[in-house]
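Taking our numbering, the leading residue of the sequence shown gets 12, the next gets one more, and so forth. Every residue, glycine too, gets a C-beta built ideally from N, C-alpha and C. Since this is a predicted model, take the numbers as computed values, not measurements.
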Amino acid sequence: MQIIEISEAGSSQHKENDKNIAVGIDFGTTNSLIALSNQQVVQIITNDQDLELIPSVIAFHGESFIVGNHDIIDNLRSIKRLFGKKLSDIQNNPTLFALVKDYIDLDSEILRLQFAGKLMTVPEIAAQIFLYLRQQATERLNSEVKKAVITVPAHFNDAARGEVMLAAKIAGFEVLRLIAEPTAAAYAYGFNKESRGCYLVYDLGGGTFDVSILNMQTGVLQVIATGGDNILGGDDIDHLVMKYFCDKYKLVASNELIKLAKKVKETLSVQNKCSIIDNPTSIAPNLQTSLRGDTLVATKQSIKVTKNGLPRLGFAPPRNDTSLLRINANRVSYIYEEKMLELDIENFERLITPLVERTIAITKDTLEQAKTPDISGIILVGGSTRIPLISKSLRQTFNTIIFSDINPDKAVVWGAALQAESLTSANINSLLIDVVPLSLGIELNGGITEKIILRNSPIPISVTKEFTNYVDNQTSMKLHVVQGEREMVEDCRSLAKFELKLPLMKAGGVRIEVTFSIDADGILSVSALEKNSNISHNIEIKPSYGLNESEITEILENAYQNAASDHNKKLLQETIINTKSLLYNIENAIREMPNLLAKNEMEKINMAIKTLKEAIDSNDRDYIIECSKNFESITEHFLAERLNSTVEGLLKGKHINEIN
């Protein structure tokens with residue numbers, strides 16, 4: 012949805028009320044963020060690892076859900092791409108099917124995944140990420156957090172929006188408003204208060220692409236056109252890079268390789284020099300590297316080095332030997348399954364050019380719909396917009412200024428937080444007027460789509476149209492509600508079907524009023540009234556694809572009853588997972604290079620390993636953390652020696668030109 016922000020001159024801002032805290036949430040395909048605005052100062056809330064960007068990945072380990080941990084092999088990612096999707100949508104899209112092929116239940120009538128030992132719907136799974144965000148915010152703010160403004164892609168249909176709301180509700184949130192991501196970003200920039208003219212918001216995230224045209228006058232921000240693609244984003248770029256590696260180096264597609272492809276994309280997207288070193292071992296002191304010119308030659312180590320304030324881009328592959336060996340401004344080199352994988356910026360841009368051109372074509376089409384001759388600037392939103400080719404293509408195509416002052420990963424959540432504050436302030440000083448992203452209508456005789464609410468209509472909105480019977484003595488009329496821009500129903504998305512009883516009358520005698528109403532969150536309800544008999548039928552479009560009221564109620568009750576115990580189990584399991592990973596890496600390192608350890612040092616480490624394993628078995632989180640810290644201290648010297656030995660091995664026999 013989109014926003015028109017109308018601010019009253021001289022209106023005062025509210026003071027923070029701890030009992031009325033409302034946060035903004037950007038539930039992203041790749042990462043999710045949560046933020047709080049207090050007197051228009053936005054604070055992004057970090058998790059217990061001080062991360063602002065929480066990876067939108069979820070795993071089930073032991074008896075609890077683990078959110079944000081890439082290192083767990085059996086995890087679900089990009090869950091946002093599944094919102095509003097039917098089983099057939101997944102089966103017909105190779106990229107989406109690849110995300111869930113190990114989990115999907117093909118025997119179910121609706122989309123369910125075999126996860127956590129049971130069949131779960133997408134909202135149930137996504138709710139665990141919302142719950143994690145709420146718990147982290149509650150802990151950081153030392154106050155219960157229940158109210159939220161949540162952003163969604165501008166082109167999310169009714170089904171997807173409804174599933175987002177259901178997931179948030181399962182997690183215990185009261186959703187104050189759903190707002191469109193592009194418009195939230197514009198709101199964060201504050202254009203609605205000072206700027207004049209037409210601005211374009213280009214939003215390319217992990218799984219969706221949105222473009223919005225906003226007309227801005229003093230005090231007014233009005234959306235005049237939207238466009239986009241709900242299945243186009245950074246994930247697709249990752250798959251292109253992975254396919255390149257598979258074809259060139261005869262590799263098999265895997266979760267590990269897609270992670271590496273994502274890392275390559277992120278690395279080549281950084282426009283300044285950046286040095287990064289990755290490996291699944293623990294961090295060691297006394298890092299030895301050889302830095303020549305723009306290139307860092309390094310060994311396998313789980314250290315992230317950033318320069319010029321660039322973001323941390325490190326990750327630790329859990330199984331394969333995946334190590335970044337060299338990086339410069341134009342090329343990255345990785346070792347993967349004993350092969351050196353390389354990709355330079357020229358080939359990377361060649362791979363993604365068709366995708367970028369597709370976004371440019373959608374942007375041009377949206378501008379034509381807006382019927383505006385010029386734009387005053389382009390606002391970049393979404394982590395994928397860091398790719399240099401995107402800014403370059405936009406400048407060449409539209410010849411206008413590009414705004415990127417706010418981190419593109421954070422602009423959306425800033426806007427959501429500001430809107431949450433506005434909606435809960437003592438003196439509400441803004442009015443939200445959204446627009447419909449896709450037309451809504453019903454099926455007429457012959458499978459024709461009759462549009463009732465047109466695309467880009469401002470909402471909340473209610474529209475009524477009158478219809479009649481086409482045969483004598485028709486006993487009922489079936490109403491088929493659809494969404495889309497196509498003329499035939501078969502080309503649109505089916506939302507709901509219901510039946511209205513009719514009085515027996517000749518053809519053309521029945522008078523049926525059909526009313527479509529959309530609330531501020533973009534949720535649709537439809538009513539039909541036969542005026543002669545006053546027979547009526549009302550339906551709220553429930554985007555659950557088969558979830559009935561009792562199932563939804565059961566999901567909510569289970570979520571509320573088990574919230575506290577689930578959180579404690581989650582914390583314990585996260586600690587156990589991290590500790591086991593530490594043990595695994597150290598034991599592997601010892602098997603590889605036992606000659607680096609003196610007898611007494613080996614005995615000391617073996618004793619520490621035994622103690623740490625006993626701590627894990629105790630299920631005492633505090634004790635595990637204490638033993639882990641002691642273990643890291645004991646193994647510090649060995650890891651440093653191993654690192655030095657590895658560097659020597661990599662550089663031995665190499666000519667200087669080979670290193671550079």
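Do residue i and residue j have their CB atoms nearer than 8 Å?
i    : j    : result
I161 : L189 : yes
A179 : A159 : yes
V492 : V537 : yes
I413 : S402 : yes
L490 : F509 : yes
R123 : D113 : no
N480 : A518 : yes
V234 : V447 : no
G173 : T40  : no
I464 : I371 : no
H72  : I588 : yes
D169 : L506 : yes
M604 : S656 : yes
I90  : S67  : yes
I459 : M499 : yes
L535 : L451 : yes
Q139 : V78  : yes
E477 : I417 : no
F649 : I616 : yes
A400 : Y255 : At residue 400 the sequence reads Leu, which differs from the Ala that was named. No, the pair does not count as a contact, with Cβ atoms beyond the cut-off.
R88  : L107 : no
How is residue i classed by DSSP in three states: helix, strand or coil?
i    : result
F184 : coil
L122 : coil
P193 : helix
N655 : helix
L608 : coil
I587 : helix
C209 : strand
R504 : strand
R151 : helix
S43  : strand
T408 : helix
H548 : strand
N31  : helix
L391 : strand
G452 : strand
P399 : helix
T374 : helix
A264 : coil
N86  : strand
K129 : strand
P471 : coil
P164 : coil
F108 : helix
K462 : strand
D116 : coil
Q299 : The pLDDT assigned to Q299 is 33, lower than 50, so where the model puts this residue is not dependable, and the model offers no usable value.
G483 : Here residue 483 turns out to be Asp, not Gly, going by the sequence shown. Residue state, collapsed to three classes: coil.
V424 : helix
M516 : coil
D169 : helix
V175 : helix
E496 : coil
L279 : helix
Quick one: measure Cβ to Cβ for residue i and residue j, integer angstroms, because I've assumed they're closer than 8 Å.
i    : j    : result
F94  : F167 : 7 Å
D240 : L366 : The Cβ separation is near 10 Å, so there is no contact.
L608 : I601 : 7 Å
G426 : A70  : Not confirmed; about 30 Å, so no contact.
T237 : N579 : Their Cβ separation, rounded to whole angstroms, is 43 Å, which puts T237 and N579 out of contact at 8 Å.
V424 : L177 : Not really, about 21 Å apart at Cβ, beyond 8 Å.
C209 : T377 : In fact, because the Cβ distance is near 11 Å, the residues do not count as touching under 8 Å.
Y347 : L279 : About 16 Å separates the two Cβ atoms, so there is no contact after all.
L405 : I386 : Contact doesn't hold; Cβ gap of about 11 Å is too wide.
L211 : T57  : With a Cβ gap of about 32 Å, L211 and T57 do not count as contacting.
Look up residue i in the DSSP assignment and give the residues it is bridged to.
i    : result
F71  : F76
F478 : I523
G238 : V222
N49  : V52
H491 : K508
P66  : N42
Within the present structure, is the beta-carbon of residue i separated from the nearest heavy atom of the ligand SAH by less than 7 Å?
i   : result
K91 : Looking at this structure, you won't find the ligand SAH or any other ligand, since it has none at all.
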